[in-house]
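Asker:
Right under this line is the structure:
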């Protein structure tokens, strides 16, 4: 299996996610854990802004190493939203449950990808 280590692909993924947060915030609001203070919409927009900043940082060679490490931390930090989404899907259709559950282990390769991008930037 090939390893994905492209920083520009990672930046594109982050930028695409940022646009999705702005274009369809409702679907993201529903994943914000209730234990967080403030409104879910505020967290949705804040995470979109963070993703956009991370995308810019990963795309630029001078900031890539630090931004990729921050991206790995971000992917870990949003994991509770994926857990909430899976828990909320318990009473939904089997297809929705399957997608929600499949997202949980997908955070691991995302974190590893960001770390690989960071290591690749450090060696240049």
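Residue numbers (this note's numbering): 15 to 138. Note that CB positions come from ideal geometry on N, CA and C, so glycine has one too.
Shortest alpha-carbon distance to residue 89 belongs to which of 128, 115 and 108?
Answerer: Comparing Cα-Cα distances from residue 89 to each of 128, 115 and 108, the minimum goes to 128.
Asker: Who are the near neighbours of residue 16 in its chain, counting only those whose CB is closer than 7 Å to its CB and skipping five residues on each side?
Answerer: In this predicted model, residue 16 has a pLDDT of only 44, less than 50, meaning its place in the structure is not dependable; the value taken from the coordinates is given anyway. No residues qualify anywhere along the chain.
Asker: Between which residues of its own chain and residue 31 is the CB-CB distance below 8 Å, once the five residues before and five after are set aside?
Answerer: The answer, listed in chain order, is 62 and 65.
Asker: Rounded to the nearest angstrom, what separates residue 75 and residue 135 at their Cα positions?
Answerer: Near 7 Å, if we compare the C-alpha coordinates of residue 135 and residue 75.
Asker: Apart from the five residues just before and just after residue 71, which ones in its own chain have a Cβ nearer than 6 Å to its Cβ?
Answerer: Taken in chain order, the residues that qualify are 77 and 81.
Asker: CB-CB under 8 Å to residue 35, same chain, minus the five flanking residues each way: which ones, in chain order?
Answerer: Hits under 8 Å: 42, 58, 59, 61, 62 and 65.
Asker: Could you give the DSSP three-state label for residue 120: helix, strand or coil?
Answerer: Three-state result, residue 120: helix.
Asker: Can you find the residues in the same chain that come closer than 8 Å, C-beta to C-beta, to residue 125, ignoring five residues on each side of it along the sequence?
Answerer: Answer for residue 125: 86, 89 and 90, listed in chain order.
Asker: If you compare alpha carbons, which of 26, 119 and 133 is closest to residue 92?
Answerer: It is 119 whose Cα lies nearest to the Cα of residue 92.
Asker: Within 10 angstroms of the Cβ of residue 122, are there 16 or more other Cβ atoms? Answer buried if so, exposed if not.
Answerer: The residue in question, residue 122, is exposed, as its Cβ has fewer than 16 Cβ neighbours within 10 Å.
Asker: Rounded to whole angstroms, what's the CA-CA distance from residue 96 to residue 84? Just pull it up for me.
Answerer: Near 19 Å, if we compare the C-alpha coordinates of residue 84 and residue 96.
Asker: Starting from residue 58, trace the alpha helix (DSSP H) both ways and give me its first and last residue.
Answerer: That run of the alpha helix (DSSP H) goes 54-73.
Asker: So residue 46 packs on residue 54, CB below 8 Å; how close in whole Å?
Answerer: Confirmed, Cβ separation roughly 4 Å.
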